[in-house]
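Reviewing the structure listed below.
In the working numbering, the protein residues as written are 13 to 301.
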């Protein structure tokens, strides 16, 4: 028994690698990995301006004692801004950047820094992260002027000011700031939404009529009619609602809605073409009370 144990121990010792010898591949794969800080940490800034969401994603390199402008970042040459990842900017709605229109979407942002003027280039990115072929290489660009600023070790984007119609997006690094003016179309968008509401009442009214005549779902039709009337007090919707109530044999309520429709229709004058039909319906419903 002792001989067997001694033989086993000697075999185990001989199987171990010598000092300085390469570890087996299986042991090497099992070695733990150490996460180290990135030289250009990922960063993101977001701001809602009126009805428009604006978001910038970028890498944030450090100065580390270097000369940045005219040194690490040469003048008059294309610069990706973020060394280890694309710098992207997303607009949820159409905007103007320094007076240049940009459609809603995501763009890869790059720059050509100059001593007295910068050019910012916006390359449209398709949904899957590829450059949009529609740009055809002729990407929108704007010109802005750099200004001195307090020293900043890490490159950063920030919104220095904003209101419902405009915002200023600043790029700051080292001792320099570039301000990017962004204008939204908030007032135009709100007015468009209001105009859409003017059409929405009719869509709900037509949905109520569809439920009345095709689906025979009178309760659903009444819900659509009420949504329409909440947007506009119109004779047409009152008439449809009256017909829905009559279909449910609620003739008293149908007469009340029908009379409301009739009086609103009379205010239209010559535009009330269906007056005879509504009068006949009211007479029929009154008989059924």
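Here a beta-carbon is modelled for each residue, glycine too, at the ideal position from N, C-alpha and C.
Counting only runs of 3+ residues, the beta strand (DSSP E) found wholly inside the stretch 89-161 occupies 100-103, 107-109, 112-114, 117-124, 130-137, 153-156, in chain order. Between residue 198 and residue 154, the C-beta spacing is not below 8 Å. Nearest in C-alpha terms to residue 109, of all of 123, 132, 96, is 132. Per DSSP, residue 301 lies in no alpha helix (DSSP H) and is assigned neither H nor E.
Minimum Cα-Cα distance from residue 202 among the listed residues 54, 63, 55 corresponds to 63. Closest in C-alpha terms to residue 182, from the list 121, 166, 191, 86, comes 191. With a cutoff of 8 Å on beta-carbon distance, residue 57 and residue 170 are scored as near each other.
Counting only the Cα atoms, residue 299 lies some 28 Å from residue 219. Between residue 74 and the set 68, 248, 52, 236, the nearest pair of CA atoms involves 52.
The alpha-carbon of residue 76 is positioned some 12 Å away from that of residue 167. Rounded to the nearest whole angstrom, the C-alpha separation of residue 259 and residue 241 is 19 Å. In this structure the stretch 272-283 touches the stretch 243-252; the number of beta carbon pairs closer than 8 Å is three or more.
According to the DSSP secondary-structure assignment, residue 171 is paired through a beta bridge with 181. Of the candidates 282, 284, 87, 274, 274 places its Cα closest to the Cα of residue 293. Taking all protein chains shown into account, residue 83 has fewer than 16 neighbouring C-beta atoms within 10 Å of its C-beta and is therefore exposed.
Excluding five sequence positions before and after residue 261, none of the CB atoms of its chain fall closer than 6 Å to its own CB. For the pair residue 71 and residue 48, the Cα-to-Cα distance works out to about 16 Å. Under the three-state reduction of DSSP output, residue 283 falls in the helix class. Using a 10 angstroms sphere on the CB of residue 46, the tally of other CB atoms stays under 16, which defines it as exposed. For residue 270, the enclosing alpha helix (DSSP H) starts and ends at 263-278. Closest option to residue 129, judged by alpha-carbon separation, among 89, 115, 95: 89.
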